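>
Numbering (the working numbering), first residue to last: 14 to 99.
1) Bridge partners for residue 29 per DSSP, in chain order?
2) On the criterion of 16 or more Cβ atoms from any shown chain inside 10 Å, does residue 56 qualify as buried, or is it exposed?
3) Distance, Cα to Cα, residue 96 vs residue 87?
4) Would a C-beta distance cut-off of 7 Å place residue 54 and residue 83 closer than the cut-off?
5) Do you know how far the Cα of residue 92 is from the Cα of residue 32?
6) Which first and last residues belong to the alpha helix (DSSP H) in which residue 49 is found?
7) Checking 7 Å against the spacing of the C-beta atoms, do residue 77 and residue 61 come in under that value?
As structure tokens, this is what we get:
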């Protein structure tokens with residue numbers, strides 16, 4: 014694999030901030046206490062929020078909305094099940 018190809022796999026520019034912070038580090042920090050769908054949806058929200066300007070623009074912003082709604086629906090369903098089991 015060429016160096017530029019390796020960089021696109023391990024450290025793509027659209028996942029690195031101007032200060033050198035990587036999105037994967039932010040995701041790890043904010044999802045370490047989450048599991049399952051909550052972790053996955055939160056990670057995707059962070060990912061698309063961080064990269065939208067450098068990659069897919071409006072499409073990435075729409076993905077944020079989709080994952081946020083998916084997470085909301087999951088939490089409401091979980092809350093409803095917990096209420097029913099009381």
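Ideal Cβ positions, reconstructed from N, Cα and C, are used throughout, including at glycine.
These numbers were taken from a predicted model, which means no experiment stands behind them.
Per the coordinate set shown:
1) On the chain shown, residue 29 is found 16 positions in, with the first residue counted as 1. Residue 29 is bridged to 35.
2) In the chain shown, the residue the question calls residue 56 occupies position 43. Buried.
3) Here the question's residue 96 lines up with position 83 in the chain shown. Here the question's residue 87 lines up with position 74 in the chain shown. Whole-angstrom Cα-Cα distance: 14 Å.
4) Locating residue 54 in the chain shown gives position 41, where the first residue counts as 1. Locating residue 83 in the chain shown gives position 70, where the first residue counts as 1. Yes, they are a contact pair.
5) Locating residue 32 in the chain shown gives position 19, where the first residue counts as 1. Locating residue 92 in the chain shown gives position 79, where the first residue counts as 1. In a straight line, the C-alpha of residue 32 is about 39 Å away from that of residue 92.
6) Residue numbering aside, residue 49 sits at position 36 when the chain shown is read from its first letter. Residue 49 -> alpha helix (DSSP H) spans 49-64.
7) Counting from 1 along the chain shown, the entry for residue 77 is found at position 64. Counting from 1 along the chain shown, the entry for residue 61 is found at position 48. Yes, the Cβ-Cβ distance between residue 77 and residue 61 is below 7 Å.
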